[in-house]
Amino acid sequence: MLECRNLVCVRGDRLLFRGLSLSLGPGELLRVVGPNGVGKTSLLRLVAGIARPEAGEVRWRGELIGRGEIFRRELLYLGHAAAVSEQLTALENLRFACTVSGEAADEEACVAALTRFGLGDALDLPLGVLSQGQRRRVRLARLFLAAARPLWVLDEPFTALDTEAVKLLAEQVSAHCAAGGMVMYTTHQDVELARASRLLNPGDFVGRERAC
Amino acid sequence: MLRVFLAVLRRELLLAWRERVDVLVTLAFFVIVTCLFPFGVGAEAAQLRAIAPGVLWVAALLSLLLSLHRLFERDFADGTLEQLLLSPEPMVSWVLAKIIAFWLAAGLPVVVAAPVLALAFNLDPAGWPVLIEALALGTPSLALIGALGAALTLGLRGGGMLLALIVLPLFVPVLIFGAGAVEAEISGVGARAHLLLLGGILAAALALAPPACAAALRMVND
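Here the protein sequences line up with chains A and B, keeping their order. The working numbering applies: residue 2 is where the first sequence begins, and numbers increase by one. The working numbering applies: residue 13 is where the second sequence begins, and numbers increase by one.
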């Protein structure tokens, strides 16, 4: 389903990786590992189509992702930043995020997702008064609404969450894979998932060279 | 296409409302800059009447510039921009929504406050309707051109200064025809030509700025 061929990524004047190829099929979990600065987030951004690779290509269902609408409707990308506004309430933030990514996002479903993630009594509070972990929960609540999207690309989803939330999230990720979804993620924590993740270290693909 | 447009518009207006102090600061800046001129050039009635259109326009332009850098900055910092980039809807729709919301929060109050300040400058009442019309046609152009500058300088160190350097020269045609419209009306020539030109600039900016903005935003995230 997802196929990357010979990706080359350059940040500034540094070559992060080159010749990176990967493929991801239904039900597969891919964990991108490696030390800080090795290019994990850069790789996820390439796969999501936010950044464009220096060379190489990313294909989804055999088509180049480009600005393809189909790919974007089938992708759930949650980046490193929280992507929530402190002035808006949990519910407003979640509904906005859903609408922007092209989901129906009716209020009931959003309330249910937030409640399931333990934010039931904070629905109408501006995020400015919530903790870091709670803000991340608001964002991750989208995972409960995105079962129809086969490809999940998650950058550090487990950061700042308490153990209970991590467990809940891990269950959700496992369930998604069990249902034939694909998940590509990074994390520095050891999280128990129902099935084993394949590991990929961008640093194995010729890192630390000066690009010329 | 309309759904994302409306969602972004609604969110931006909601944010502007929750942070209405910022709107008031922009407006206060407009008022204060305008009021500085009589101190500088002397409070002679005839002179103030003569410079009023130009002063009001320059002040309007500067007050818009003051809040322009915020247009994309926060969304860029908190990751919302990434999510918007991944929206299946065309970028132009939500870029336009953001610019419209920006104009409603920063431009419209200036248009409304301008006649009051014109009164303080003893501007000929015959010029008031044209002043409002010209500002209503001109400030959206400023917002559109400014948004392009904001997108181009996003994420740069000292972007605010650079933004001013980029967009102020581009504001000049709007300033010339905007201030000229009021003067032409008062002098009896009629402001029709000026207003048509302002409308033309707005039409061009409306067609060109959002796609250019979208391209710049995509580049920033690349």
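Even for Gly, the Cβ is constructed at its ideal location relative to N, Cα and C.
Chain B contact residues for residue i, given Cβ-Cβ distances below 8 Å
| i | result |
| --- | --- |
| A:Glu70 | Pro100 |
| A:Leu89 | Arg23, Leu26, Leu27, Arg30 |
Where residue i meets chain A, residues with beta-carbon distance less than 7 Å
| i | result |
| --- | --- |
| B:Gly167 | Within chain A, no residue comes near B:Gly167; the closest Cβ sits about 13 Å away, beyond 7 Å. |
| B:Val16 | Thr100, Val101 |
| B:Ala19 | Phe97, Thr100, Val101 |
Min CB distance residue i to chain B below 8 Å
| i | result |
| --- | --- |
| A:Arg73 | yes |
| A:Val85 | yes |
| A:Arg6 | no |
| A:Ala52 | yes |
| A:Glu210 | Low local confidence applies: a pLDDT of 48 at A:Glu210 is under 50, so the model's placement there is unreliable, and no value is given. |
| A:Cys213 | Confidence in A:Cys213 is poor, its pLDDT being 41 and thus under 50, which makes the residue's placement unreliable; the coordinate value appears in the next sentence. For A:Cys213, the answer is no, since every Cβ of chain B falls outside 8 Å of its Cβ. |
| A:Leu144 | no |
| A:Leu76 | yes |
| A:Ala147 | no |
| A:Ala49 | yes |
| A:Arg19 | no |
Identity of the residues DSSP links to residue i by a beta bridge
| i | result |
| --- | --- |
| A:Val59 | A:Cys5 |
| A:Asp156 | A:Thr187 |
| A:Pro127 | A:Thr90 |
| A:Leu200 | A:Arg32 |
| A:Leu25 | A:Leu3 |
| A:Leu65 | A:Arg60 |
Within-8 Å CB hit, residue i to chain A
| i | result |
| --- | --- |
| B:Leu25 | no |
| B:Gln59 | no |
| B:Ala113 | no |
| B:Glu145 | no |
| B:Asp234 | yes |
| B:Leu96 | yes |
| B:Cys225 | no |
N-terminal and C-terminal residue of the alpha helix (DSSP H) that residue i is part of
| i | result |
| --- | --- |
| B:Leu26 | 14-30 |
| B:His206 | 204-232 |
| B:Phe114 | 103-114 |
| B:Ser199 | 171-199 |
| B:Ala64 | 57-80 |
| A:Arg140 | 133-141 |
| A:Ala116 | Checking the sequence shown, residue 116 of chain A turns out to be Thr, not Ala. 108-117 is the extent of the alpha helix (DSSP H) around A:Thr116. |
| B:Gly158 | 140-164 |
| A:Arg53 | Element bounds for A:Arg53: n/a, residue is neither H nor E. |
| B:Pro137 | Here B:Pro137 belongs to no alpha helix (DSSP H), and DSSP marks it neither H nor E. |
| A:Val167 | 164-179 |
| A:Glu104 | No alpha helix (DSSP H) holds A:Glu104; DSSP gives it neither H nor E. |
Beta-carbon neighbours of residue i, restricted to chain A and to distances below 8 Å
| i | result |
| --- | --- |
| B:Glu91 | Looking at the sequence provided, one finds Gly at residue 91 of chain B rather than Glu. Within chain A, the residues near B:Gly91 are Gly80, His81, Ala82, Ala83, Ala84. |
| B:Leu116 | Those do not exist, as B:Leu116 stays about 17 Å from chain A at its closest Cβ, beyond 8 Å. |
Neighbouring residues, chain B, relative to residue i (Cβ below 9 Å)
| i | result |
| --- | --- |
| A:Leu30 | The premise fails here: A:Leu30 is roughly 21 Å from chain B at the closest Cβ pair, so nothing lies under 9 Å. |
Delimiting residues of the beta strand (DSSP E) encompassing residue i
| i | result |
| --- | --- |
| A:Val33 | 30-33 |
| A:Leu76 | 76-79 |
Interface residues of chain A facing residue i [CB-CB closer than 9 Å]
| i | result |
| --- | --- |
| B:Leu83 | Ordered by position in chain A, no residue passes the 9 Å Cβ test against B:Leu83, which lies about 14 Å from the chain. |
Distance cut-off 7 Å: residue i Cβ against heavy atoms of the ligand FAD
| i | result |
| --- | --- |
| B:Ile112 | Of the ligands one can find in the structure shown there are none, so the ligand FAD has no counterpart to examine. |
8 Å Cβ cutoff, residue i in contact with chain C
| i | result |
| --- | --- |
| B:Glu24 | In the displayed structure, chain C is absent; the protein chains listed are A and B. |
Inter-stretch contact (C-beta, 8 Å, three-pair minimum) for the stretch 111-129 of chain B and the stretch 17-26 of chain B: yes
The stretch 44-59 of chain A touching the stretch 118-130 of chain A, judged by at least three CB pairs closer than 8 Å: no
Given 8 Å, three or more beta-carbon pairs between the stretch 93-113 of chain B and the stretch 86-103 of chain A: yes
The stretch 194-207 of chain B contacting the stretch 144-156 of chain B, beta-carbon criterion three pairs below 8 Å: yes
Three or more C-beta pairs below 8 Å linking the stretch 7-14 of chain A and the stretch 157-164 of chain A: no
Meets three-Cβ-pair contact criterion under 8 Å: the stretch 152-160 of chain B and the stretch 220-229 of chain B: yes
The stretch 170-187 of chain B touching the stretch 127-135 of chain B, judged by at least three CB pairs closer than 8 Å: no
Meets three-Cβ-pair contact criterion under 8 Å: the stretch 50-65 of chain B and the stretch 82-92 of chain B: no
Segment contact flag, the stretch 74-83 of chain A with the stretch 52-59 of chain A, C-beta cutoff 8 Å, min 3 pairs: no
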